[in-house]
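Novice: Below: one structure in structure tokens.
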Amino acid sequence: PLNSLFGWNIKTVIILSGMAVMLYSMIGGIKAVLWTDAIQGLILITGAVTCALFITFSMPEGPEQLFRIAIENKKFSLGSFGTSLKESTFWVILIYGLFINLQNFGIDQNYIQRYMASKSDKSAKRSTLFGSLLYLPVSLVFFYIGTALFSYYTSQPGLLPESLNQPGSADKVFPYFIVNSLPAGLTGLLIASIFAAGMSTVSTSLNSSATIILTDYFRKFSAKKLSLKHEMSVLYASSFGVGTAGIIIALLLVGVESVLDAWWALASVFSGGMLGLFLMGYLVRKASNKDAIAGIIAGIIIIAWMSLSPVIFKGDTLAGLSSQFNPNLAIVFGTSAIFLTGFLSAILFNRNRKKNL
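Have a look at this one:
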């Protein structure tokens, strides 16, 4: 939105906003993250609901026109219910959603650090339940905004520039609407809500990444106990390093047609094995380090094949070796491969050990 409103270069916006988040995360720590998350969450929800209502009642023929156009163009469809695992069908998105949210609320430090900061287990459970229940309606509001914008500009095609009617321009329609169709006060609220969503995600990731680097690496492998001053230096340096890396990655994604699709694919690749390893350790009581290593190797092979084969074998005589599955399913197959391999390894090795005894 700032790019459309002020004509700022998108890369400049990324760099400045990234630096701002890094600054308050490094200065305030987890308290700054939690308080800003709470405020930003309220701004985000308020802005989204207000925008959805504004679009609904701004249709030339009233709200019923919005729903009529959306239904005629199947914009309220849940997608194909076919059994294909290559396309983004209803079942593919459902399975992906189950796995990624199980991972998010179960082992993702971005989520865990929030409810671990609660005063008691009861408060942590309550906040987790509230967040889980709120996730669906908030997501539906934003999906509805996308559908409402389609109906809005379909009923008034002259309001949308031809450049935004081209493939790959969908992500630019909402910012254009905010800048050109909303009243001044509401424009500011929507810009704040969108920035709130992005800043909340980034600040949480910075804080959790810095904490993991300190606790899982520096404290674990340090020859002597670190002083508080040394630990704070590690946290500051880690936050700066992770934040800088995030800015660079965001700059590289500037030309990507749909950042959301890219994020889903990347999340499947980079986190595909973590959930399987966690489930194996939690459910398979007899699993050893060797069983975990066997599972990790199997998971890496599966995830690498699903992620890299479409690129490596594209247009090649070996195209038949390319994965025919939707990239978002990498987390599903990766998790399953790690868990099942570790489970079978634990059973076989334990049985052999008993025979040897």
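Position 107, counted from 1, in the sequence shown is what my numbering calls 164; the numbers after and before it change by one each time, with no gaps.
Even for Gly, the Cβ is constructed at its ideal location relative to N, Cα and C.
Give every residue of the same chain whose Cβ lies closer than 6 Å to the Cβ of I270, excluding the five residues on either side of it in the sequence, and list them in chain order.
Specialist: Contacts found: S295.
Novice: Where F199 and L365 are concerned, what is the direct C-alpha to C-alpha distance, given to the nearest angstrom?
Specialist: Near 32 Å, if we compare the C-alpha coordinates of L365 and F199.
Novice: Is it buried or exposed for V311, if we count other Cβ within 10 angstroms and need 16 for buried?
Specialist: Under this definition V311 is an exposed residue.
Novice: Going by C-alpha distance, which of S262, L217, Y339 and S189 is nearest V230?
Specialist: Ranking the options by Cα distance to V230, first place goes to L217.
Novice: Does the beta-carbon distance from T415 to G85 come in below 9 Å?
Specialist: Residue 415 is absent from the model: the chain starts at 58 and stops at 414.
Novice: Under a three-way DSSP split, which group does I135 fall into?
Specialist: Contrary to the premise, residue 135 reads as Leu rather than Ile in this sequence. Reduced to three states, the DSSP call for L135 is coil.
Novice: Just tell me which of G300, E121 and G399 has its CA closest to the CA of S266.
Specialist: Of the listed residues, the one whose Cα sits closest to S266 is G300.
Novice: Determine the closest residue to N346 out of I235, I359 and G399, with distance taken between C-alpha atoms.
Specialist: Of the candidates I235, I359 and G399, the one whose C-alpha sits nearest the C-alpha of N346 is G399.
Novice: Between the C-alpha atoms of W362 and G356, what's the straight-line distance to the nearest angstrom?
Specialist: Rounded to the nearest angstrom, the two C-alpha atoms are 10 Å apart.
Novice: In chain order, what residues of the same chain lie with their CB nearer than 7 Å to the CB of F114, ignoring the 5 residues before and after it?
Specialist: Here the set comprises P120.
Novice: Quick one: which unbroken alpha helix (DSSP H) runs of 4-plus residues sit fully inside the stretch 90-155? Chain order, please.
Specialist: DSSP runs (the alpha helix (DSSP H)) wholly in the stretch 90-155: 120-129.
Novice: With distance defined between alpha-carbon atoms, name the residue in P367, L285 and S212 nearest to K143.
Specialist: Answer by Cα proximity: P367.
Novice: What first and last residue would you give for the alpha helix (DSSP H) that runs through N237?
Specialist: First-last of the alpha helix (DSSP H) with N237: A227 to S238.
Novice: Go ahead and label L263 buried or exposed: buried means 16 or more other beta carbons lie within 10 angstroms of its beta carbon, across all protein chains shown.
Specialist: Answer is buried; the Cβ neighbour count reaches 16.
Novice: Where does the unbroken alpha helix (DSSP H) through N167 begin, and where does it stop?
Specialist: N167 -> alpha helix (DSSP H) spans Q166 to M173.
Novice: State the start and end residues of the unbroken alpha helix (DSSP H) segment that holds P194.
Specialist: Per DSSP, P194 belongs to the alpha helix (DSSP H) from D178 to S212.
Novice: With the cut-off set at 9 Å, would you say F396 and G333 are in Cβ contact?
Specialist: In this structure, G333 lies closer than 9 Å to F396 by Cβ.
Novice: Kindly indicate which residue of T69, I388 and A403 has the alpha-carbon position closest to the one of L340.
Specialist: Considering only alpha carbons, the answer is A403.
Novice: Give the secondary structure of R342 by DSSP, where H, G and I count as helix, E and B as strand, and everything else as coil.
Specialist: It is coil, neither helix nor strand.
Novice: In three-state DSSP terms, what is R384?
Specialist: Inspection of the sequence shows that residue 384 is occupied by Pro rather than by Arg. It is helical.
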